Each structure stands twice: as C-alpha cells, then as structure tokens.
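Per UniProt numbering, the sequence shown starts with residue 1, numbered consecutively.
Where a beta carbon is used, it is the ideal one built from N, C-alpha and C, also for glycine.
Computed from a prediction, not measured in an experiment: that's the story for all the values here.
Report on the following structure.
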Amino acid sequence: MLDNFPRGTICIEELEIGMSRHVTKEVTDRDIEMFAEISTDRNPVHLDDEYANDTIFEGRIAHGMLTAGLISAVIGEQLPGHGTIYMGQSLTFLAPVRPGDTVRAEVTVLDIDHAKRRVTLKTECLVDGKPVLKGEAKVLAPSAKFD
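Structure below.
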C-alpha cells in the first residue's frame, strides 16, 4: 500500500477544510480470498471464474466492502489518523473493482465541528482515475486538548 503522507494523527485543531489524504493499493486474488475468509462472504462472483464469467460483470470482482475498507485505512492511519472513531459512512458503488486493479482511496475534509470534535469527510475510491465508490464519512477526531 502506498501512502501520500506519513501515518499518525492530525488533531482536530490542525484540520482544515479541503485537507486530503490517500492510499493506493493493488487488489490481489489473495486479498479477495482473505476478505472472503474473514467476512464469510463467499459469493461466487468474487471467487469462481466460471460462475463470474456468466454474470453482468463478465468476470470476478472484489467485494465492495474490501474496496471501502481502504477508506478506513486512510481515516484510521492518516486523516485524521490514529485515535479517530468512525461514527458513520455512506457508500455508493459505481463500478466493479477487479483482481489486479489498483485502487486509490481518497479522503477530503468537508466540514469541521470543533465544539463536538465531529468531522465530515468526502470519501472516494478510483481505478484508473475513474470513480468506483463514493460516499461521506462522519468521524470523531482526536484532540490535542483531551487525548
């Protein structure tokens, strides 16, 4: 996985509207198999080439939540980072992610409520510059005053 900034914590006092971070990761067959094992989602569209070839996707696809998990990596490791608590996430899946695709998960600060330590984040995943997932996250950000 490739990060564009070091991992750690950006406290709410240091956050700014428009601040953005991302990670980039190639989704491998092993990732898909491991996600199926952990989640117990063994839908054959993810694991069986023959089955998946006969679907509207015409081939295997990664679990949507595997892709969404990359957003969690950005939020938990970079923006705001360590100590952040997820409060909610909306997701819209726009296109499939296939084994071998390189996904770029991006998170951008949309709104900050300093009094409640709440941050609203735009979340998006792209493959070859095209959106495959979009959404919005609400998080409780760490604070230098309390943490």
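Pair within 8 Å by beta-carbon distance, residue i and residue j
{"i": "residue 149", "j": "Leu15", "result": "Here the chain covers residues 1 to 147 and nothing more, so residue 149 does not appear."}
{"i": "His46", "j": "Glu106", "result": "no"}
Candidates the options, of which the one nearest residue i by Cα
{"i": "Val127", "options": "Thr92, Lys145 and Thr24", "result": "Thr24"}
{"i": "Gly83", "options": "Ala141, Met19, Arg7 and Ala73", "result": "Ala141"}
{"i": "Asp31", "options": "Leu110, Glu124 and Gly64", "result": "Gly64"}
{"i": "Ile85", "options": "Lys116, Ile17 and Lys130", "result": "Lys116"}
{"i": "Lys122", "options": "Gly100, Val97 and Gly88", "result": "Gly88"}
Where residue i falls: helix, strand or coil (DSSP)
{"i": "Ile17", "result": "coil"}
{"i": "His22", "result": "strand"}
{"i": "Glu136", "result": "strand"}
{"i": "Arg30", "result": "helix"}
{"i": "Ile112", "result": "strand"}
{"i": "Ile12", "result": "helix"}
{"i": "Thr120", "result": "strand"}
{"i": "Ala105", "result": "strand"}
{"i": "Pro99", "result": "coil"}
{"i": "Leu94", "result": "coil"}
{"i": "Lys145", "result": "coil"}
Rounded distance between the beta-carbons of residue j and residue i, thought under 8 Å
{"i": "Ile38", "j": "Ile112", "result": "Not confirmed; about 33 Å, so no contact."}
{"i": "Arg60", "j": "Ala52", "result": "4 Å"}
{"i": "Leu94", "j": "Ala68", "result": "Actually they are not in contact, since the Cβ atoms of Leu94 and Ala68 sit about 12 Å apart, beyond 8 Å."}
Counting only runs of 4+ residues fully inside the region 25-78, write out the alpha helix (DSSP H) ranges in chain order. 29-39, 44-47, 49-53 and 64-77
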